[in-house]
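Just below is one structure, and these are the notes that go with it.
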Amino acid sequence: MAQASTDQLKDALGTRIDALRPELERIGRDIHANPEVGYEERQAVAWLTELLKKHGFSVEVGVADTPTAFVATRRNGTGPTVAFLSEYDALRGLGHGCCHNLIATASAGAGIALADALDRLSGRVLVIGTPAEEGGGGKIRLINAGIFQEVDAAMMFHPDTRTQVLHWALAVTHMQFEFIGRAAHASGDPEKGINALDAFVLAYNGISLLRQQVKEGARLHGYLKEGGTAPNIIPERTSGEFLVRAREQAYMEELVQKVKNIFQAAALATGCSLNLTFNEEPYSDLRNNAVLAHLFEENLRRIGLDPIEGVPWENAGSTDMGNVSHVVPALHPTVAIASPEVAGHSQAFLEASGSPRGYQAMIDAAKALTMTGADLLANPSLVEQAKVEFRRT
Ligand SMILES: [Zn+2]
Ligand SMILES: [Zn+2]
1 MAQASTDQLK DALGTRIDAL RPELERIGRD IHANPEVGYE ERQAVAWLTE LLKKHGFSVE
61 VGVADTPTAF VATRRNGTGP TVAFLSEYDA LRGLGHGCCH NLIATASAGA GIALADALDR
121 LSGRVLVIGT PAEEGGGGKI RLINAGIFQE VDAAMMFHPD TRTQVLHWAL AVTHMQFEFI
181 GRAAHASGDP EKGINALDAF VLAYNGISLL RQQVKEGARL HGYLKEGGTA PNIIPERTSG
241 EFLVRAREQA YMEELVQKVK NIFQAAALAT GCSLNLTFNE EPYSDLRNNA VLAHLFEENL
301 RRIGLDPIEG VPWENAGSTD MGNVSHVVPA LHPTVAIASP EVAGHSQAFL EASGSPRGYQ
361 AMIDAAKALT MTGADLLANP SLVEQAKVEF RRT
């Protein structure tokens, strides 16, 4: 497609997103007001798929044997397949403190606008509903079910305190622990007890000591969910969760083995038995596709946003988009919705996810995403370039 007509097309896509704003914002507000945790996002999926059907998508809900995963499709002829990924799960105890309500609707909007332009483009537009990003690994299930096999580029944005094209995310393993000891009267019969809280304290201290000896960027953190039932009973059972993160998956696996050893040592030292279980598969580190990132950056500037240069690994969390980025060219930029001092997963971030600035970021992200999709459908050689870059990294 000639440059002049691509420019015209992008102007039309921007106008289309503005026209969709009331529908997108309504669903964004409804999801924000009705937080549903991973794999329970029934209402969010109903609202999003209803919207996508209304705009001509054929929708399959329950893909990958997961009731709250979906694939919505519109196509015209043959050409590249561009997927916009929609996240919609809330945090346990903190509602939409990770702003997935804005991700859900930005990707839906980007998909609808690009699909409406399929009279001028050929290819396929997908909106993929990916549940349970906060620890449940919904995208990993979808990868394993083959949902990404025919995808040429997968894109989404994440709200943040900075507008940044490149994003770094750590590989992470999520583990649950349980120490089982024996209850006894804490004063009358302490020698008959086996103290499961002591086991936890040993494990916690062991992990705290390990933290000093790990490579730059690794993170070890967790919490105690059950610490006993009464002060005069030797705690019989303790349980909780720990996360192990690192910049590369192979090093993360080394650390997981060390943390396992610490838990086992604590069990041995106290005489407790130990159950360690792991969530699905680990999240991979995120590989930014430079070709997609460059296109997205140009489109952000086109709509008047000025991204900052990211500092690698600064404030890095983890995402199952990392796993997607290991199977197809992927884009996971951020758009600012709050000032830099605000922490992610906080009350202030929760408020930002329902604020006018949040919904403006949703619209800006939808525009830059849909324009990036248009670049790929209008010029399939860019898809080839993205694939060459994907194979190189
Ligand atoms: Zn989060
Ligand atoms: Zn998130």
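In the numbering used here, the protein residues as written are 1 to 393.
Built from N, CA and C at the ideal position, the CB exists for glycine as well.
For the beta strand (DSSP E) containing Gln-60, list its first residue and its last residue.
-> For the sequence presented, residue 60 should be read as Glu rather than Gln. Start and end: 58–61.
Ala-230 in three-state terms, based on DSSP | coil
Classify Ile-363 as helix, strand or coil using the three-state DSSP reduction.
-> helix
Can you give the beta carbon distance from Phe-57 to Arg-74, rounded, assuming they're within the 8 Å contact cut?
-> 5 Å
Please report the Cβ distance between Glu-133 and Asp-89, rounded to the nearest whole angstrom; I am assuming they are in contact, meaning their Cβ atoms lie under 8 Å.
-> 6 Å
Identity of the residues DSSP links to Pro-159 by a beta bridge = Val-335
Which of the three DSSP states, helix, strand or coil, is assigned to Arg-75?
-> strand
Residues bridged to Glu-178 by DSSP?
-> Ser-239 and Asn-275
Regarding His-345 and ligand 1, is the C-beta to nearest heavy atom distance less than 7 Å?
-> yes
Since Ile-31 and Ala-366 are thought to touch, with beta carbons under 8 Å apart, how far apart are those beta carbons, to the nearest angstrom?
-> With a Cβ gap of about 15 Å, Ile-31 and Ala-366 do not count as contacting.
Presumed contact (8 Å Cβ cut-off) between Asp-320 and Gly-137, rounded CB distance | 5 Å
Alpha carbon to alpha carbon, what distance is there between Ala-2 and Gln-360?
-> 30 Å
C-alpha gap between Asn-288 and His-332, whole angstroms | 7 Å
Would you tell me roughly how many angstroms separate the C-alpha atoms of Gly-373 and Leu-274, rounded to the nearest one?
-> 49 Å
Spatial neighbours of Ser-239 within its chain, please: CB distance less than 6 Å, with the 5 preceding and 5 following residues excluded, ordered by chain position.
-> Glu-178, Lys-225 and Glu-226
Can you tell me the Cα-Cα spacing of Ser-5 and His-294, whole angstroms?
-> 20 Å
Say yes only if the C-beta of Cys-98 is nearer than 7 Å to one or more non-hydrogen atoms of ligand 2, and no if none qualify.
-> yes
Can you tell me whether Phe-278 is buried or exposed, with buried defined as 16 or more other CB within 10 angstroms of its CB?
-> exposed
On the three-state DSSP scale, how would you describe Ser-318?
-> coil
Hey, would you say Gly-95 sits closer than 8 Å to Ser-346, going by beta carbons?
-> no
Just the Cα atoms here: how many angstroms apart are Ala-117 and Ala-343?
-> 38 Å
Is any heavy atom in ligand 4 found nearer than 7 Å to the beta carbon of His-167?
-> Absent from the structure shown: ligand 4. Ligands present: ligand 1 and ligand 2.
Which of helix, strand or coil does DSSP assign to Tyr-39?
-> coil
Any contact of the stretch 253–268 with the stretch 309–327, i.e. 3+ C-beta pairs under 8 Å?
-> no
Kindly indicate which three-state DSSP category Arg-391 falls into: helix, strand or coil?
-> helix
Does DSSP put Lys-225 in a helix, in a strand, or in coil?
-> strand
Specify the secondary structure class of Val-127 as computed by DSSP and reduced to three states.
-> strand
For Ala-33, which residues from the same chain have a beta carbon less than 6 Å from its beta carbon, with the 5 sequence-adjacent residues on both sides left out?
-> none
Could you please give me the residues that DSSP links to Ile-262 through a beta bridge?
-> Note: Ile-262 sits in no beta bridge, so no partner.
Please name the residue or residues paired with Val-82 in a DSSP beta bridge.
-> Val-125 and Ala-153
When you compare only the Cα positions, how much space is there between Ile-234 and Tyr-204?
-> 18 Å
Backbone CA spacing between Ala-352 and Ala-106 [nearest angstrom] = 15 Å
Straight-line CA distance for Leu-20 to Thr-173?
-> 38 Å
Distance, Cα to Cα, Thr-270 vs Pro-312?
-> 42 Å
Taking 8 Å as the cut-off, decide whether the C-beta atoms of Glu-236 and Ala-169 are in contact.
-> no
Would you kindly report the start and end of the unbroken alpha helix (DSSP H) that includes Ala-106?
-> 100–116
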